[in-house]
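Trainee:
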Amino acid sequence: MADFSHPETCSKDIIPWWAPFTVTCFILCGAISMKVFRAVRLFLHRHESYFEPKQTKQSFQRSQVIPDVERGRILRMYCKDSGDNSEDQCTEVESSDDISECENIYGKKQSVTASHRFTVHALQEGPAEPDSPEIHPSSRFHRLSSVKYGKVWPPWGSTLKLKTKKPFDSGTEEKDSSTDDLGRWGQLKQRLRLYFRGPSARQKLNLKLYCERYTTVSYRAGIVMFTVHNVLCTFSWIFYIIETVDQPPFSAQGVCFSLKSRILAWLNFIINLYCLGYYILRYCAATDRLNFVLSYTSLIELVAIPPSLLAAFQSHRHYDLNFVRATCLFNYVDVMTYLGAIKSNQSIQSARICFALFTMWMVGSGLMHGIDHLGDFWEDKPHEGSWSYFESCYFLLVTLSTVGYGDYAANTTLGRLFICIFIPVAMGVSASFIPELFRNFNTNASDLTAKYESIHGERHVLVCGNFDNRSLQTFINGFLSGGGTKGRERMNIVILRPLPIDFALKAILSHFHAWVRYFVGTPNNPQDLQRTKMRDARAAIVLATPNAKHRDAEDGANIMQAIALKARKKTLRVVVQLHNFKNKCLLNNYPRWTYLVNDMVVCMEELKLGLLAYNCLAPGFATLILNLLNIHGNRKPISQKLERWREEYEYGFRMEMHDVGISHEFNNIRVQELISFAYEKWNIIVVAVRRSDPPEMVLVPSKVSCSIDFNTMRAIVIAKNYPEALQLQNYCTSCFAHELGRQCDCRKRKNERRHKVTIERDLALYEQIGESRKAEMSWEKYGFINSELNLRDLPPAYRHSISTSAPMPSKTKTVLYNMLNGGPPTDRTALRRALTIRSQTPQKLVQRHGSRRNKGTKEQRSNMVDRTGSFHWVHDVSIAKAKLTTKQAEGYNFSHHFLVCIVGTPATGALNLENLIMPFRFHWREVQDIVILGNSQLIGPYEWAKLKNLPRIFLVNGDPCSFTDLYAVQLCRCMACVILGDVQDDLDSQSDDLCLQDRKTLLCAMNIRSLLQREQQLVHFTTELRYEKNAHLFSSVDTHANDYKLPVWFSEPFARGFVFSNTLLYSCLSSLFYNDDVFHFLRVLISGQAADAIEASFAVGAGLQPDSSDGACRINGVNVALRNFDQPPFSYMAREQRRKPLTFGEVFIRCISCWQILCLGLYRMESRGFRYVLANPDPKTILYTQDMFYCFMKMDQKDTPGSWQFGQTHVPISRSSP
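Position one of the sequence shown corresponds to residue 50 (our numbering), numbered consecutively onward.
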């Protein structure tokens, strides 16, 4: 221990050393006493009724508070009823409450009708006494509590008699009193009360508001004062450390001040003088000042300020408590937050944890330092401490870490007691804070502050949206597989998501670490887009979560992210995945959204319901399409030995659908010749050709006779992989590029128009179209100038329709003219019908038929089509007429109909049933009944508005799980049945079994399966599953064991086309990203050639409109069918005499050449009695009599004997490969 100066050499202090400590104790004791007194007073006030005498019918007591304005006090009027016939004895008792509490905020006293102080004596009828003043009768209602029950009121015009009395005490006689006889003592007492009452309420409020300006961080001055206070407190804590390096913090005899101590004492005096002023400001600004004095921040000030102020005027020092100033370190988090140094939630949380741990360590070290030097003062020879402040810090750190080297130990009883308390508290705090601190540091380092560093020459795509781990893993697998194939550029994936990465997702992304980066953020934040290099991205993909419950909310979030991306870069290609069909128009109406840069809105409900419809028309067709859309080319085949049918199924499972260019070698030949050559040479099936000028999707075989233009056409093909499909594009007899596996440069294709047109030209094109519409409306009939018609006056919902629709008829122009020029009011329905978007289909897509003029006949009514020429159309059918009960459904005796079972519960979201019904209602298909069985509340007016013009739709209110209801809708006599899953069904909060998501759907499917087996009927039914691994429950006994182990792609129910998984459909987005023409092919297949026009019509609420040309304009299309060897033309090939077995290649070439039928695959029978899908089998595959063919047939092809031509033979194209 250092040798300190003896206190006897210093002059004696005038003020004793214990004076500051006494002041602090006095303030705290007074505050505590006031707190206790307030609590007791509040308790007594709440339980005042327990101390009063019991109330009876003969006697009771009432009170009312009356402010006495002149004397500045509050009078409580106690009226005691002594009997039924006696007068009420009312007593005036003066309260100690200050009348200032009765003042309002402006400092004005409550108005009183009389200038004197009154005591109500009695309410009597009769004339008023001369000395009694009169008040207005309306004042009676202020004294209703003092009126005896049942007493009769005087007339309204009479006066209220008041008698004044003096206050009286018990045991004294009552005397009359008046304000004129108060006496000198009363006036003096009143003046003293007014003098010592203090400032008014307005003055107190002004003082409080003034102090708040310097103590509240809502003001700039408050932030400055708070920051300066924390900085000065930190300096005071540093001065304590410097001063106690060679001197003890506590000394009973005192330590003489040296020059260094004197300088530090005066600096501390200035600091604490500022702290004292800041403390007074905070005290005046406090709402509850008593609680403020007892707060922990006030206790620190009361402990530190008085000794520091007194130390500057003393000659020696006895104790120093400025180590408590270390608590100001915790306030630096607030300072940095107010100054904007830290903003994010995790940064603030991490800073609070760090400063809290450091503050606890420093304050604990100061306490240990003081306790060590204080010693056990009750002993005769207390221990003299020798530790410095830093040694105390080292001791606490080593002890807290449970290491305990033993070089330092507590030598006093107080020190050991403090350590016993400090260690459990500190360990509990550290155990809670440190893991959270490291977690935040890891997250901040990897996600929030990281930036994507792209390598020169590499491209990347930005992936955002709402997705789960399973769907993201499936997308990454498909995306990297498609980009890794030969002929494509592999792009990296940058994931931007608001949620931090979890351990499960980190394990998934570890397999793709070379190509995938994960960042925490949102596309709505420009800084996050800058970190992920959005402007250098090739495209942006917004994913959606399969089987989401709140689909509209998720669609809204995805649309907002897509808009944010297009707002930052208008030339960026954005692919958005949405759930509901109705939400597509919300994004299509965005001005910067254009298809000229291949922006895509992929509605998953549209694809799902459309494929389910085709799965009813051709069982297994949905499985065939899903296998083609998902990229599996780079996956290794299953190692274990499979059954024969699984091996054949795997061959078709490996097929893929791509869009490729067409080689210049095929220029000017017919599409039919191209199909035959591609299949014979490379086993490639051309299913469609997309033309860019004019825009058209030609489905094979609707126009197989059209010529090929390799500059404006692309082919949609089914091939084994993308390199195989590229041979159609690189085929050349000069450079043999297709054999060398490179791109042919002999005759380069002209760049398509979509690569030349920019967004600015696209917007200018829309503006030009709008100007042309304005010019059209200036016709001579009305004779007004073009400038008089301003399309901006139209509602926004119709402005877009006018700018993009076809030429307006005269009726539309008349309606618009009347609305814009003050004519008769226009009905919204009439305006909507007038602005209905007409079909923009080119004339080449329309097939002219002979118009039937007999409109009154039944045949004419049944052949009506909508305005687009795509679907059968009837007049509006009310939803009440379409709804049936189960008893009514029995009377209809349905047969050869399609049954749709909905097991869901009523929900706010739409079911999008128009996408399911439209493939059944193409004009070339025969109208068959569609029966929807389920809760009738599922289909509301909004849903029915899209279905009311489609014929033969019935809504049966029933339970799909009920045998009675299934019998009522004639399940055993239907063509096909589809079961839609319950999207709104939630799992039990205590269960994590994902299989339970399909519990209602599985119960319905099992009931239908049991009923069909009991009736021995063969009806194909398709079940929608939310959890794809539930597919093994539909497997037969022989294949159940293998189906449970194999992926769902190889399960028997999926191969047969019995189940449909949403997860498998959502995973095909990567294939649609690389093959955007494939997406347009699917839309045309599901919704027809006029898919855009129908979508626009649904967007404005117009629905399907009738055709004004009496059915003369009808769209071309194809008929998806499943045919066997008992149906023509396959029946004729089966009866032919031949030496070799018939193969699939021979059937394919003959069908496309002779009858213009495109065969896509087989629906083959297995020896155990079930069928499976086989897409694009090997041309040498031998056919059996039980095989069935998936076909694209011409829409006007009929099964009558005269409609088939059988004299032709197949002559292969003489085009040999070099």
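Yeah, the Cβ is synthetic: ideal placement off N, Cα and C, and Gly gets one too.
Does DSSP classify I544 as helix, strand or coil?
Mentor: strand
Trainee: Across which residues does DSSP place L1192 in a beta bridge pair?
Mentor: Note that residue 1192 is Thr in the sequence shown, not Leu. For T1192, which the question treats as bridged, DSSP gives the partners I1231.
Trainee: Would you mind giving the Cβ-Cβ distance between A593 and H628, rounded to the nearest angstrom? I have them listed as a contact below 8 Å.
Mentor: Yes, A593 and H628 are in contact; Cβ-Cβ is about 6 Å, under 8 Å.
Trainee: So S1279 packs on S1100, CB below 8 Å; how close in whole Å?
Mentor: Nothing in the structure corresponds to residue 1279, since the chain is present only between 50 and 1267.
Trainee: Can you check whether the CB of F1003 is closer than 8 Å to the CB of W1060?
Mentor: Note on identity: in this sequence residue 1060 is Leu, with Trp being the wrong assignment. Cβ atoms of L1060 and F1003: not closer than 8 Å.
Trainee: Would you check if the region 322–331 and the region 261–277 touch, i.e. whether three or more CB-CB distances between them fall below 8 Å?
Mentor: yes
Trainee: Give the secondary structure of H191 by DSSP, where H, G and I count as helix, E and B as strand, and everything else as coil.
Mentor: Residue placement at H191 cannot be trusted, given a pLDDT of 40 that sits under 50; the coordinates are not used to answer.
Trainee: Under a CB-based cut-off of 8 Å, is G953 close to chain B?
Mentor: Checking the listed chains, one finds no chain B in this structure; it contains a single protein chain.
Trainee: So M649 is in the beta strand (DSSP E); what residue range does that whole segment cover?
Mentor: First-last of the beta strand (DSSP E) with M649: M649 to C652.
Trainee: Buried or exposed: R87, going by 16 or more other Cβ atoms within 10 Å of its Cβ?
Mentor: Under a 10 Å Cβ-count criterion, R87 is classified as exposed, with fewer than 16 other Cβ atoms of the shown protein chains found around its own Cβ.
Trainee: Measure the beta-carbon distance from V650 to V625 and round it to whole angstroms, keeping in mind my assumption that it falls under 8 Å.
Mentor: 5 Å
Trainee: Quick one: which unbroken alpha helix (DSSP H) runs of 4-plus residues sit fully inside the region 1171–1226? Chain order, please.
Mentor: 1179–1183 and 1193–1199
Trainee: Within 10 angstroms of its Cβ, does A737 collect 16 or more other Cβ (buried), or is it exposed?
Mentor: buried
Trainee: Looking at the unbroken beta strand (DSSP E) that takes in V625, where does it start and where does it end?
Mentor: R622 to L627
Trainee: Between K1229, F1219, D1125 and P1155, which lies nearest to D648 when the distance is taken from Cα to Cα?
Mentor: D1125
Trainee: Do G419 and P298 have their C-beta atoms within less than 8 Å of each other?
Mentor: yes
Trainee: According to DSSP, is F1122 helix, strand or coil?
Mentor: helix
Trainee: According to DSSP, is L358 part of a helix, a strand, or is it coil?
Mentor: helix
Trainee: Closer than 8 Å is the cut-off here; do at least three beta carbon pairs connect the region 266–285 with the region 382–401?
Mentor: yes
Trainee: By a C-beta neighbour count over all protein chains shown, 10 Å radius and 16 as the cutoff for buried, is M762 buried or exposed?
Mentor: buried
Trainee: Distance, Cα to Cα, I64 vs A314?
Mentor: 16 Å
Trainee: Taking contact to mean at least 3 C-beta pairs separated by less than 8 Å, is the region 941–948 in contact with the region 977–993?
Mentor: yes
Trainee: Is P595 near T1112, with beta carbons less than 8 Å apart?
Mentor: yes
Trainee: Hey, how far is the Cα of D1156 from the Cα of L748?
Mentor: 24 Å
Trainee: Indicate the three-state DSSP secondary structure (helix, strand or coil) for G527 in the structure shown.
Mentor: helix
Trainee: Tell me whether S1110 sits in a helix, a strand or coil according to DSSP, three-state version.
Mentor: strand
Trainee: Below 7 Å CB to CB, which residues in the same chain sit around D585 once its five sequence neighbours on both sides are set aside?
Mentor: S503
Trainee: Going by the beta-carbon positions, is the gap between P750 and F1241 smaller than 8 Å?
Mentor: yes
Trainee: How far does the beta strand (DSSP E) with S741 in it reach, from first residue to last?
Mentor: I734 to S741
Trainee: Specify, as a first and last residue, the run of the alpha helix (DSSP H) that F280 falls within.
Mentor: Sequence inspection shows Val at residue 280; the Phe mentioned does not correspond to that position. V280 -> alpha helix (DSSP H) spans R269 to E292.
Trainee: In chain order, which continuous runs of the beta strand (DSSP E) of length 3 or greater are located wholly inside the region 952–1013?
Mentor: 979–983 and 1002–1006
Trainee: Is it the case that the region 537–546 contacts the region 560–580, given that we only count it when at least three CB pairs across the two stretches are under 8 Å?
Mentor: Yes, they touch.
Trainee: CA-CA distance, S985 and G1007?
Mentor: 8 Å
Trainee: By how many angstroms is the C-alpha of C469 removed from the C-alpha of T71?
Mentor: Whole-angstrom Cα-Cα distance: 29 Å.
Trainee: Just the C-alpha distance for R311 and V478, rounded to the nearest angstrom, thanks.
Mentor: 39 Å
Trainee: Under a Cβ-count criterion, where at least 16 other Cβ atoms within 10 Å of its own Cβ denotes burial, should Y268 be classed as buried or exposed?
Mentor: exposed
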